[in-house]
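In what follows, a single structure is set out as structure tokens and then discussed.
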Amino acid sequence: MVRSLSDPHSPGNDRPRFRSKLLKPIAHSRGAIVTASREESYGGSNIAGVSSGNRSRRMLAILEIVSERGSVDLAELGTRLSASPATLRRDLAHLAEQQLLIRTHGGASSSERGAELPVALRDTQHQAAKRAIARAVPAILPLQDRHVVALSGGTTTAHVARQLAYHSNLTVVTNSLTVAGMLADHHEMRVMMTGGFLRHPSLELVGGLAEAGFNAVNIGTAILGAAGVCADAGVTTHDETEARTNHAMAVSAQRTVVVADGSKIGNAALARMVEITDIQILITDSSADPTELEKIGATGVEVVVADDQRR
Numbered sequence: 286m287v288r289s290l291s292d293p294h295s296p297g298n299d300r301p302r303f304r305s306k307l308l309k310p311i312a313h314s315r316g317a318i319v320t321a322s323r324e325e326s327y328g329g330s331n332i333a334g335v336s337s338g339n340r341s342r343r344m345l346a347i348l349e350i351v352s353e354r355g356s357v358d359l360a361e362l363g364t365r366l367s368a369s370p371a372t373l374r375r376d377l378a379h380l381a382e383q384q385l386l387i388r389t390h391g392g393a394s395s396s397e398r399g400a401e402l403p404v405a406l407r408d409t410q411h412q413a414a415k416r417a418i419a420r421a422v423p424a425i426l427p428l429q430d431r432h433v434v435a436l437s438g439g440t441t442t443a444h445v446a447r448q449l450a451y452h453s454n455l456t457v458v459t460n461s462l463t464v465a466g467m468l469a470d471h472h473e474m475r476v477m478m479t480g481g482f483l484r485h486p487s488l489e490l491v492g493g494l495a496e497a498g499f500n501a502v503n504i505g506t507a508i509l510g511a512a513g514v515c516a517d518a519g520v521t522t523h524d525e526t527e528a529r530t531n532h533a534m535a536v537s538a539q540r541t542v543v544v545a546d547g548s549k550i551g552n553a554a555l556a557r558m559v560e561i562t563d564i565q566i567l568i569t570d571s572s573a574d575p576t577e578l579e580k581i582g583a584t585g586v587e588v589v590v591a592d593d594q595r596r
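In our numbering, the protein residues as written are 286 to 596.
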């Protein structure tokens with residue numbers, strides 16, 4: 286069934302911060318694709334925990350150039366990024382420390398393909414898409430008193446947390462330091478954190494204690510971020526320990542929602558969190574590969590395409 290998020294008579298659609306309309310839906314016998322279009326401006330500040338915006342964007346550009354070329358020298362980086370050699374040396378040293386590239390004499394070369402970016406750098410990518418995806422989430426939640434929502438770590442789920450902060454009747458369970466920090470000032474909202482070991486690239490708590498925390502609660506809706514989503518490989522991430530922790534979250538939930546921008550659709554990372562048939566809803570944006578969305582929808586997953594149409 287194709288469901289429009291803009292139906293004024295749907296339960297819970299009296300929230301003025303999100304309005305949407307159906308745009309050319311593609312229906313399947315077992316699943317559905319729904320397109321939600323943003324019609325209002327976004328009134329939030331930048332996401333917490335991100336380093337200097339200019340430096341983050343510059344380092345991300347360096348990684349993209351190195352990935353594209355295989356190697357690069359300081360002179361070319363200086364020309365393309367309009368930055369001084371001293372600034373670029375500091376950036377390259379920082380990226381090499383994080384094993385995202387290899388320093389060479391006078392430049393840098395690529396590290397292993399598909400290395401995971403630190404969360405501060407990842408948050409500079411696809412920001413409009415992540416905001417649009419996050420705004421679509423409240424429309425698919427029951428939002429009844431104390432409905433329990435679990436949020437994994439990641440930059441997209443952090444944007445989701447910002448949207449859920451307007452709904453103080455929810456209970457949020459998370460293993461993400463970023464998510465917990467964003468909700469900390471909302472004293473009327475009940476927030477529970479798992480235990481576990483800190484995974485630095487994603488600022489998540491993972492491992493047996495984190496899994497036990499999710500296993501101990503009854504979750505209404507689990508919301509997972511992902512490094513890759515495809516019909517064949519399922520919902521994947523870069524780290525196997527993170528995958529096991531997020532699997533425990535999904536197993537404890539009545540339903541599982543995946544939030545992932547279009548760059549993740551059709552990709553497969555190292556470790557599978559859940560099979561594609563284990564999720565009920567995928568929320569993505571219009572940059573996603575439509576052929577892959579068709580394949581995902583054909584498995585019975587409802588696919589919601591959220592667009593940011595702010596002027």
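Using N, Cα and C, we set each Cβ at its ideal position, and we do this for glycine too.
Collapsing the DSSP output to three states places THR479 in coil.
If you look at LEU509, you'll find it in the beta strand (DSSP E) that goes 504-509.
DSSP places THR441 inside the alpha helix (DSSP H), whose first and last residues are 440-449.
Taking a cut-off of 8 Å for Cβ pairs, the region 536-555 and the region 432-441 touch, as three or more such pairs fall below it. In the structure shown, ALA518 adopts coil according to DSSP, grouped into three states. With respect to the 9 Å criterion, LEU490 and SER461 are classified as neighbours on the basis of their beta carbons. According to the DSSP assignment, ASP470 belongs to no alpha helix (DSSP H), since it is labelled neither H nor E.
SER461 sits in a strand when the DSSP states are folded into three classes.
It is roughly 16 Å from the alpha-carbon of ARG447 to the alpha-carbon of VAL433. Spatial neighbours of SER571 in its own chain (CB-CB distance under 6 Å, excluding positions within 5 residues in sequence) are listed in chain order as VAL590 and ASP592. By the Cβ criterion, the region 508-520 is in contact with the region 550-560, since at least three pairs of Cβ atoms, one from each stretch, lie closer than 8 Å.
If you draw a 10 Å sphere on the C-beta of ASN531, you find 16 or more other C-beta atoms in it, and that means buried. Straight-line spacing of the CA atoms in ASN500 and HIS471 works out to 25 Å. Between ALA538 and GLY505 the beta-carbon gap is near 7 Å, inside 8 Å, which marks them as a contact.
Per DSSP, ILE568 lies in no alpha helix (DSSP H) segment; the continuous beta strand (DSSP E) that holds it begins and ends at 566-570. The beta carbon of LEU509 is closer than 6 Å to those of SER437, ASN531 and VAL543 in its chain, skipping five residues each way along the sequence.
It is roughly 9 Å from the alpha-carbon of GLU560 to the alpha-carbon of VAL514. Residues SER356 and ILE387 of the same chain have their beta carbon placed closer than 6 Å to that of SER394, with the five preceding and five following residues left out of the count. For the pair ILE347 and LEU380, the CB atoms are nearer than the 9 Å cut-off. Taking the C-beta atoms as reference points, VAL476 is found no nearer than 9 Å to VAL502. Taking C-beta atoms as the reference points, THR522 and ALA507 fail to come closer than 9 Å.
Secondary-structure assignment with DSSP links GLU489 through a beta bridge to SER461 and ARG484. For the set MET558, MET467, LEU377 and ASP524, the Cα lying nearest the Cα of ARG484 is the one of ASP524.
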